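Participant: Residue numbers (my numbering), protein chains in the order written: chain A, 1 to 112; chain B, 1 to 116.
1) Just the Cα atoms here: how many angstroms apart are residue 72/A and residue 65/A?
2) Going along the chain, which residues of its own chain have a beta-carbon closer than 8 Å to the beta-carbon of residue 81/B, five neighbours each way excluded?
3) With a floor of 4 residues, list each alpha helix (DSSP H) that falls wholly inside the segment 48 to 90 of chain A, ordered by position along the chain.
4) 8 Å is my cut-off, CB to CB: does residue 102/A come that close to chain B?
5) Would you call the CB atoms of residue 48/B and residue 90/B closer than 8 Å?
6) Hey, out of 97/A, 41/A, 102/A and 76/A, whose CA is closest to residue 91/A's CA?
7) Count the other CB atoms, across all protein chains shown, that sit within 10 Å of the CB of residue 98/A; report buried if there are 16 or more and exposed otherwise.
8) Pull out every residue of the segment 40 to 71 of chain B whose Cβ sits closer than 9 Å to any Cβ of chain A, in chain order.
9) Determine, using beta carbons only, whether residue 20/B and residue 111/B come nearer to each other than 8 Å.
10) Determine which residues of the segment 11 to 34 of chain B have a Cβ less than 7 Å from any Cβ of chain A, and write them out in chain order.
11) Cβ of residue 4/A within 8 Å of Cβ of residue 34/A?
12) When you compare the segment 15 to 33 of chain A with the segment 72 to 87 of chain A, are there three or more beta-carbon pairs, one atom per stretch, that lie closer than 8 Å?
13) Residues of chain A with CB closer than 8 Å to the CB of residue 82/B, please, in chain order.
14) Under a CB-based cut-off of 8 Å, is residue 42/A close to chain B?
15) With distances taken from CA atoms, which of 31/A, 77/A and 7/A is nearest residue 100/A?
16) Would you mind reading off the limits of the beta strand (DSSP E) that contains residue 55/B?
17) With a 10 Å radius around its C-beta and 16 neighbouring C-beta atoms as the bar for buried, classify residue 53/A as buried or exposed.
18) Looking only at its chain, what residues have a beta carbon closer than 6 Å to the beta carbon of residue 107/B, apart from the 5 residues adjacent to it on each side?
19) Measure the CB-CB distance between residue 105/A and residue 6/A and report whether it falls below 8 Å.
20) How would you write the range of the beta strand (DSSP E) that residue 83/B sits in, first residue to last?
21) May I ask you to report which of helix, strand or coil DSSP gives residue 107/A?
22) Chain A beta carbons: is any one of them nearer than 8 Å to that of residue 94/B?
Written as structure tokens, this is what we have:
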């Protein structure tokens, strides 16, 4: 079945780059997404990448997709304390309707 | 401002009582979704609706019910049959499949339900 896996925790120093990794199983996924969740809040869509792309850059965010290894990563440049949150990777289910399969989320802690 | 509202933010109920969570959107989206979030887990799909007056069960529909009488509204009822209802509930919406768009789902702020 479909599955998305992420490491649960990442700690970085303010100003450094953060790299959050994700693996997925559905090779037919057309879209992959990164969402951010701040404490007690809903999910905010950060960015997405279409499966025929290798990379997408959006200001401080860079998404890399290795379709062969089914590996997705999110790089945040110049990480700030405001980036502390849980980051969810999600793949769009290829089975017909707009269902998203989410990973368990990576908690990013940014320290001075 | 366009967006998704969920109310209330916090809800407390006694075991054995049904409770209804509200979700309203003014994004003119056709599709709406309910997810459940438990600590340390990803979101799990409860129900979804692609169009008014139609909805489908997601992965964990047992003990829940929904209705979709209006495009803007997709309320979720947590029934007494739900064995472990305490969780954070998130509503989302997206454009429909026929729109040809990327199918981004936009989320509301969530309702934290505590049942004792």
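We treat Cβ as the ideally placed atom computed from N, Cα and C, and that holds for glycine. Just so you know, these numbers come straight off a predicted model, no measurement behind them.
Facilitator: Considering the structure as presented:
1) 5 Å
2) 62 and 63
3) none
4) yes
5) no
6) 102/A
7) buried
8) 40, 41, 42, 43, 44, 45, 48, 50, 56, 58 and 59
9) no
10) 31
11) no
12) yes
13) Near residue 82/B there are no residues of chain A at all, since even the closest Cβ is about 20 Å away, more than 8 Å.
14) yes
15) 31/A
16) 54 to 57
17) exposed
18) 90 and 92
19) yes
20) Premise fails: residue 83/B is in no beta strand (DSSP E) and is neither H nor E.
21) strand
22) yes
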